[in-house]
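As structure tokens, the structure follows; a few thoughts come after it.
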Amino acid sequence: MSDREYFADLKKIYVTEALGASIYDSMVGKMAACGLRDVYVKLGANERRMMALVDTELRKLGIEVPELKKNMTVAVMSALFRITPLVMQQRLLSHVAKKKIFGRWYALHHQQNEELWGILLEHERLQYGVLVGPRSADGEQREPP
Ligand SMILES: [Fe+2]
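Position 76 of the sequence shown, counting from 1, maps to 75 under numbering that gives the first Met the number 0, and the rest follow consecutively.
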């Protein structure tokens with residue numbers, strides 16, 4: 000795994016977390032106060048925390064942090080999130096969580112920064128637990144909340 004691929008994956012994580020924060024913000028905006036809304040508020044804050052950690056890592060490595068204001072994917076997706084029904088957003092998040100992308104990247108990159116990658120992996124596990132749900136004894140997945 001080259002440094003270039005590592006830097007590219009860090010940038011992808013940064014943008015992915017920005018998209019995550021955006022979708023959670025839009026979901027929170029569609030919900031009345033309730034326990035689930037509070038969960039999404041916390042998950043959104045957690046996305047921003049991951050962005051800050053990746054920002055620090057990129058700067059430490061002397062790599063430019065992606066400019067979100069110039070990122071078309073973030074701009075278009077943020078606009079789409081605002082008009083997407085809540086239930087579809089929940090399904091989308093569950094679908095993405097099942098891919099366990101950070102788990103795969105952890106295997107490739109954790110030696111670069113064990114602490115950062117440990118946090119990113121834990122972040123993904125937390126989201127998986129909330130969005131997909133714990134496995135039942137027969138291995139079946141529950142529906143997302
Ligand atoms: Fe995330």
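Using N, Cα and C, we set each Cβ at its ideal position, and we do this for glycine too.
Short of 7 Å in beta carbon distance, which residues of its chain neighbour residue i, apart from the five on each side in sequence? Order them along the chain.
i, result
"V38", "V129"
"M26", "Y39, L85, Q88"
"H109", "W116"
Measure the Cβ-Cβ separation of residue i and residue j and say whether it is below 9 Å.
i, j, result
"Q126", "N45", "yes"
"A96", "E123", "yes"
"F6", "L60", "yes"
"I62", "L9", "yes"
"L18", "M76", "yes"
"M49", "I12", "yes"
What does the Cβ neighbour count give for residue i, buried or exposed, with the cut at 16 atoms within 10 Å?
i, result
"E4", "exposed"
"S135", "Here the model assigns S135 a pLDDT of 43, short of 50, so the residue's position is not dependable, and the following value carries that caveat. Exposed is the call here."
"S93", "buried"
"E16", "buried"
"P133", "exposed"
"M30", "exposed"
"E66", "exposed"
With a threshold of 8 Å on Cβ separation, who are the neighbours of residue i within its own chain once the five nearest residues in sequence on each side are excluded?
i, result
"S21", "V73, M76, S77, F80"
"Y23", "Y39, V40, L42, G43, E46"
Excluding five sequence neighbours on each side, which residues of the same chain lie with their C-beta closer than 6 Å to the C-beta of residue i?
i, result
"I54", "Per the sequence shown, residue 54 should be read as Asp rather than Ile. Answer for D54: V64, listed in chain order."
Which parts of the stretch 81 to 133 are runs of the beta strand (DSSP E), unbroken and 3 residues or longer, counting only runs that do not cross its ends? Those beta strand (DSSP E) runs which fall completely within the stretch 81 to 133 and span 3+ residues do not exist here.
Hey, which unbroken runs of the alpha helix (DSSP H) at 4 residues or more fall wholly within the stretch 8 to 79? Counting only runs of 4 or more, we get 34 to 59.
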